[in-house]
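Q:
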Amino acid sequence: MRVRVGAPAKLNLYLHVTGRRADGYHELDSLVTFTALADTLEIAPAESLRLSVTGPFADALDAGDNLAARAATALAEKLGRPADVRITLDKRIPVAAGLGGGSADAAAVLRGLARLWRLGAEHAGDLRETALGLGADVPVCLDSRAAHMAGIGEALSAPPHAAAVRRAAG
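In the UniProt record's numbering, the protein residues as written are 1 to 170.
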């Protein structure tokens, strides 16, 4: 079985840093939406974790230290199972362009593994916790829809005037 998942680019319509916590994390207030520009990931069973990167921005990534691979490892550890998958990442989102490509890829891996490993609704909390542990933008990328972000990225809610945000985004 193979699973294909999209990882749409994230666009911050605004981003305010409202404070800094004692643990070093920044408190955020942000409104985000997602674009049609997306990476695509294919995830399949394998003997061990492997990541290969293709696409126009493949050369800009270090496949040895990639958030997508870290997402697979983190979820597998949380579930007490091996990260025995091959991930093929077609990198279409420009690297370091402020579009959340790495976070989108990590969230797509979590969604893809949930399908591949047939995780039920009882694992929704595991996915959210794993996402937050990977970075502030990863939780919002799990759903890939317009949202208001607060806290360190864990407090998500529907944005005000969501219909207007969806129309503006595409």
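Glycine included, each C-beta is placed from N, C-alpha and C at the ideal position.
(1) Do you know how far the Cα of Arg145 is from the Cα of Thr33?
(2) Does the Cβ of Val17 have 16 or more other Cβ atoms within 10 Å, making it buried, or fewer, making it exposed?
(3) With distances taken between CB atoms, is the gap from Ala9 to Gly153 smaller than 8 Å?
(4) For Ser48, tell me which candidate among Arg81, Ala58 and Pro160 has the shortest Cα-Cα distance.
(5) So Arg86 packs on Ala46, CB below 8 Å; how close in whole Å?
(6) Within a Cβ cutoff of 6 Å, which residues of the same chain sit near Arg167, ignoring the five residues on either side of it in sequence?
(7) Ignore the nearest five residues each way along the sequence and tell me which others in Ala136's own chain have a CB closer than 6 Å to its CB.
(8) For Thr33, list the residues DSSP reports as bridge partners.
(9) Excluding the 5 residues preceding and the 5 following Val95 in the sequence, name in chain order all residues of the same chain whose CB lies nearer than 7 Å to its CB.
(10) CA-CA distance, Pro159 and Pro139?
(11) Is it buried or exposed, Thr54, if we count other Cβ atoms within 10 angstroms and call 16 or more buried?
(12) For Gly102, report the span of its alpha helix (DSSP H) as first-last.
(13) Among all the DSSP beta bridges, which residues are the ones paired with Asp90?
(14) To the nearest angstrom, how far is it from the Cα of Ala155 to the Cα of Ala7?
(15) Could you have a look at Glu154 and say whether DSSP puts it in helix, strand or coil?
(16) Going by beta-carbon coordinates alone, are Leu116 and Ala74 separated by less than 8 Å?
(17) Pick helix, strand or coil for Val85, following the three-state DSSP scheme.
(18) Would you mind stating whether Ala76 and Val109 have Cβ atoms separated by less than 8 Å?
A: Based on what the coordinates show:
(1) Counting from one through the sequence shown, the residue named residue 33 turns up at place 33. Counting from one through the sequence shown, the residue named residue 145 turns up at place 145. Rounded to whole angstroms, Thr33 to Arg145 spans 6 Å at the Cα level.
(2) Along the sequence shown, read from residue 1 onward, the residue named residue 17 stands at position 17. Its Cβ having fewer than 16 others within 10 Å, Val17 is exposed.
(3) Numbered from 1 along the sequence shown, position 9 holds the residue referred to as residue 9. Numbered from 1 along the sequence shown, position 153 holds the residue referred to as residue 153. For Ala9 and Gly153, no; Cβs fall outside 8 Å.
(4) Within the sequence shown, the letter at position 48 stands for residue 48. Residue Arg81 is the option with its Cα nearest to Ser48.
(5) Taking the first residue of the sequence shown as 1, we reach residue 86 at position 86. Taking the first residue of the sequence shown as 1, we reach residue 46 at position 46. Rounded, the Cβ-Cβ distance is 4 Å, consistent with contact.
(6) Counted from its first residue, the sequence shown places residue 167 at position 167. Low confidence applies to Arg167: its pLDDT is 46, below 50, so where it sits in the model is not reliable, and the reading given next is rough at best. None.
(7) In the sequence shown, the residue the question calls residue 136 occupies position 136. The residues are Ile152 and Gly153.
(8) Within the sequence shown, the letter at position 33 stands for residue 33. Leu11.
(9) Position 95 of the sequence shown, counted from the first residue, corresponds to residue 95. Beyond the five residues adjoining it in sequence on each side, Val95 comes within less than 7 Å, by CB distance, of Phe57, Ala60, Leu61 and Gly101 in the same chain, given in chain order.
(10) In the sequence shown, counting from the first residue as 1, residue 159 sits at position 159. In the sequence shown, counting from the first residue as 1, residue 139 sits at position 139. Distance between the alpha carbons of Pro159 and Pro139 is about 15 Å.
(11) Numbered from its first residue, the sequence shown carries residue 54 at position 54. Around the beta-carbon of Thr54, fewer than 16 other beta-carbon atoms lie within 10 Å, marking it exposed.
(12) The residue given as residue 102 occupies position 102 in the sequence shown. Unbroken alpha helix (DSSP H) run through Gly102: Gly101 to Leu116.
(13) As a first step, residue 90 must be located in the sequence shown, where it is residue number 90. Residue pairing from DSSP places Asp90 in a beta bridge opposite Thr40 and Thr54.
(14) Taking the sequence shown and counting its residues from 1, one reaches residue 155 at position 155. Taking the sequence shown and counting its residues from 1, one reaches residue 7 at position 7. Rounded to the nearest angstrom, the two C-alpha atoms are 21 Å apart.
(15) One-based indexing of the sequence shown puts residue 154 at position 154. Assigned with DSSP and collapsed to three states, Glu154 falls in coil, not helix or strand.
(16) Along the sequence shown, one-based indexing puts residue 116 at 116. Along the sequence shown, one-based indexing puts residue 74 at 74. Cβ distance not < 8 Å, so Leu116 and Ala74 don't count as in contact.
(17) The sequence position of residue 85 within the sequence shown is 85, counting from 1. In this structure, Val85 counts as strand in the three-state DSSP scheme.
(18) Locating residue 76 in the sequence shown gives position 76, counting from the first residue. Locating residue 109 in the sequence shown gives position 109, counting from the first residue. Here Ala76 is not near Val109, since their CB atoms are 8 Å or more apart.
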